[in-house]
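A short write-up of the structure that comes next.
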Amino acid sequence: MITKYINKSFLLGSAIFFLANCSPDTIDGDGNGLSQGAVDGSFKVTKTSENRYRLTTNATNYITTKWNIDDEGFNIGKNIQDIFLPDAGNYVIEHQAYGIGGILAGTGTQTITVPTSDPIAGNMILGGRFDTPDEVSKWTIHKISASGAQWVFANGKATIVASGGSQQGIYQAINVVAGQKYSIDMVASSDTALVDTWFEVYVLNSIPVTGQDISGSVYRNINTWSGCGKSAFKGKVSSVGCDGSKNGGIYTATTTGTVYLEIKCGGSTVNSLSVDKVEFRRMQ
């Protein structure tokens, strides 16, 4: 039988050497040797075709990229991001670079000027940004509940306050072609959580009637019972909404003529749900 002896002093010395070589040269406030310095958050804009642009960050030494396209809210993206801007106008693009520990390490901002609208996908909604009295005049308030809910047009948005289960809508007439598909979306935001709230977007074949509710297919949806709107939010309803069967956003016209896009909202506690940049676009 062969007996093996292990030199304990050798093991101790090796352990000390290993720990010494693994210790950080500098220790930050957490004592873990990791810290996040500033990074370059700027980016380049390249036009790839009409109404289409590529955003390319000038640095990649960070963990997460977020983009805010024309104040639609910051969303996680890529270092190379392709975007489609179908409407003529000026668009402010913001970039945030997040590093170790979720620290905001760098930012960048540029403005893109789009000279002409896309001939197919241009927005068919008039006054969808609510920026001027003329734009606001394109919308009609649909009074469903006698009281307790009210849409207000101010600060470049349409904002509803509702309580006690009351509801109200706003609508606009649009001319469509039978068999044609249209995409529907908008930016929605709330600084506070919604309570027992429904936010629904419809396309109606007849003009809404005062004092009467509407029904039918729901094309965009924020609903607290379905799990969204329970905390502050901002973004396109296609992103912040829920219940896929009611948030698909694609409408197919059954007849040629006039339809009515209605945005309806109500609930127990709706302190200030706002909509902006309402879109109704013909698809290819």
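In mature numbering (1 follows the signal peptide of the UniProt record, and there is no 0), the protein residues as written are -20 to -1, 1 to 264. Just so it is clear, CB atoms sit at the ideal spot from N, CA and C, and this is done for glycine as well.
**OP:** Mark residue 30 as exposed unless 16 or more other C-beta atoms lie within 10 angstroms of its C-beta, in which case mark it buried.
**Re:** Locating residue 30 in the sequence shown gives position 50, counting from the first residue. Around the CB of residue 30, fewer than 16 other CB atoms lie within 10 Å, so the residue is classed as exposed.
**OP:** Within the same chain, show all residues whose beta-carbon is closer than 6 Å to that of residue 206, passing over the 5 residues directly before and after it, in chain order.
**Re:** Against the sequence shown, residue 206 aligns to sequence position 226. For residue 206, where only same-chain residues beyond five positions count, the Cβ hits under 6 Å are 222 and 223.
Subject >> Runs of beta strand (DSSP E) wholly within the region 78 to 104 (minimum 3 residues, chain order) >> reply: 84 to 94
**OP:** In the DSSP assignment, find the unbroken beta strand (DSSP E) run with residue 167 in it and report its ends.
**Re:** Walking along the sequence shown from the start, residue 167 turns up at place 187. Run containing residue 167: 161 to 170, per the beta strand (DSSP E) assignment.
Original post:
Out of 63, 140 and 162, which has the shortest C-alpha to C-alpha gap to residue 168?
Top reply: Indexing the sequence shown from 1 puts residue 168 at position 188. Out of 63, 140 and 162, 140 has the C-alpha closest to the C-alpha of residue 168.
**OP:** Could you name the residues of the same chain whose beta carbon sits closer than 8 Å to that of residue 87, not counting the 5 residues immediately before and after it, in chain order?
**Re:** Counted from its first residue, the sequence shown places residue 87 at position 107. The residues are 21, 74, 75, 76 and 77.
Original post:
Where do the ends of the beta strand (DSSP E) carrying residue 114 lie?
Top reply: Locating residue 114 in the sequence shown gives position 134, counting from the first residue. It is not in any beta strand (DSSP E) - residue 114 instead sits in the alpha helix (DSSP H) that spans 113 to 116.
Original post:
Taking the alpha-carbon positions, what's the residue 246 to residue 264 distance?
Top reply: Taking the sequence shown and counting its residues from 1, one reaches residue 246 at position 266. Taking the sequence shown and counting its residues from 1, one reaches residue 264 at position 284. Roughly 34 Å separates the two Cα atoms.
**OP:** Would you list the one or two residues that DSSP bridges to residue 110?
**Re:** Numbered from 1 along the sequence shown, position 130 holds the residue referred to as residue 110. According to DSSP, which records beta bridges pairwise, residue 110 is partnered with nothing at all.
Original post:
If we count the other Cβ atoms within 10 Å of its Cβ and call it buried at 16 or more, is residue 70 buried or exposed?
Top reply: In the sequence shown, the residue the question calls residue 70 occupies position 90. By the 10 Å Cβ count, residue 70 comes out exposed.
Subject >> Proximity of residue 38 and residue 54 at Cβ, strictly below 8 Å >> reply: Sequence index remark: in the sequence shown, residue 38 carries index 58 (1-based). Sequence index remark: in the sequence shown, residue 54 carries index 74 (1-based). Not in contact: residue 38 and residue 54 (Cβ atoms no closer than 8 Å).
Original post:
Buried or exposed: residue 9, going by 16 or more other Cβ atoms within 10 Å of its Cβ?
Top reply: Here residue 9 is taken as the residue at index 29 of the sequence shown, counted from 1. Interpretation of residue 9 is limited by its pLDDT of 40, a score under 50 that renders its predicted location unreliable; the figure taken from the coordinates is listed afterwards. Exposed: under 16 other Cβ atoms inside 10 Å.
Original post:
Going by the CB atoms, is the gap between residue 116 and residue 107 shorter than 8 Å?
Top reply: One-based indexing of the sequence shown puts residue 107 at position 127. One-based indexing of the sequence shown puts residue 116 at position 136. Yes; because the gap between Cβ atoms is below 8 Å, this pair is in contact.
Original post:
Are there three or more Cβ pairs, one per stretch, closer than 8 Å when the region 118 to 125 is compared with the region 209 to 228?
Top reply: no
Original post:
How big is the Cα-Cα spacing for residue 259 and residue 43?
Top reply: Walking along the sequence shown from the start, residue 259 turns up at place 279. Walking along the sequence shown from the start, residue 43 turns up at place 63. Each residue's alpha carbon lies about 33 Å from the other.
**OP:** Quick one: residues in its chain with C-beta nearer than 7 Å to the C-beta of residue 193, no 5 flanking neighbours on either side, listed in chain order?
**Re:** Translated into positions along the sequence shown, residue 193 becomes position 213. Hits under 7 Å: 124.
**OP:** With DSSP as the reference, please indicate the residues paired to residue 245 in a beta bridge.
**Re:** Numbered from 1 along the sequence shown, position 265 holds the residue referred to as residue 245. In DSSP, residue 245 forms a bridge with 148 and 179.
Original post:
Closest by CA to residue 36, which one among 52, 63 and 186?
Top reply: Walking along the sequence shown from the start, residue 36 turns up at place 56. When only C-alpha atoms are compared, the closest one is 63.
**OP:** Specify, as a first and last residue, the run of the alpha helix (DSSP H) that residue 220 falls within.
**Re:** Reading the sequence shown from its first residue, position 240 is the one you call residue 220. Element bounds for residue 220: 217 to 220.
Subject >> Cβ pair residue 233, residue 157 closer than 8 Å >> reply: Here the question's residue 233 lines up with position 253 in the sequence shown. Here the question's residue 157 lines up with position 177 in the sequence shown. Yes, Cβ-Cβ distance for residue 233 and residue 157 is below 8 Å.
Subject >> Contact set for residue 109: own chain, Cβ-Cβ below 7 Å, skip 5 residues either direction >> reply: As a first step, residue 109 must be located in the sequence shown, where it is residue number 129. So the list reads 115, 136, 256 and 257, once near-sequence residues are dropped.
Original post:
Is the CB-CB distance between residue 254 and residue 213 below 8 Å?
Top reply: By one-based count along the sequence shown, residue 254 stands at place 274. By one-based count along the sequence shown, residue 213 stands at place 233. No, the Cβ-Cβ distance between residue 254 and residue 213 is not below 8 Å.
Subject >> Contacting residues, own chain, Cβ-Cβ under 6 Å from residue 198 (five flanking each side not counted) >> reply: Residue 198 sits at position 218 when you count from the first residue of the sequence shown. The answer, listed in chain order, is 180 and 226.
**OP:** From the DSSP output, in three-state form, read off residue 29 for me.
**Re:** Taking the first residue of the sequence shown as position 1, residue 29 is located at position 49. Strand.
Original post:
Which first and last residues belong to the beta strand (DSSP E) in which residue 48 is found?
Top reply: Numbered from 1 along the sequence shown, position 68 holds the residue referred to as residue 48. Start and end: 44 to 49.
**OP:** Would you mind giving the Cβ-Cβ distance between residue 40 and residue 59, rounded to the nearest angstrom? I have them listed as a contact below 8 Å.
**Re:** Here residue 40 refers to the residue found at position 60 of the sequence shown. Here residue 59 refers to the residue found at position 79 of the sequence shown. Sure, about 6 Å apart at Cβ, within 8 Å.
**OP:** Locate the beta strand (DSSP E) running through residue 199, then write down its first and last residues.
**Re:** Indexing the sequence shown from 1 puts residue 199 at position 219. Where residue 199 is concerned, there is no enclosing beta strand (DSSP E), given that its DSSP letter is neither H nor E.
Subject >> 6 Å CB neighbourhood of residue 173 in its chain, flanking five on each side removed >> reply: As a first step, residue 173 must be located in the sequence shown, where it is residue number 193. By the criterion of a C-beta distance shorter than 6 Å, residue 173 is surrounded in its chain by 210 and 211, once the five residues flanking it on both sides are discounted.
Original post:
In the DSSP assignment, what are the bridge partners of residue 250?
Top reply: Numbered from 1 along the sequence shown, position 270 holds the residue referred to as residue 250. DSSP output for residue 250 lists 142 as bridge partner(s).
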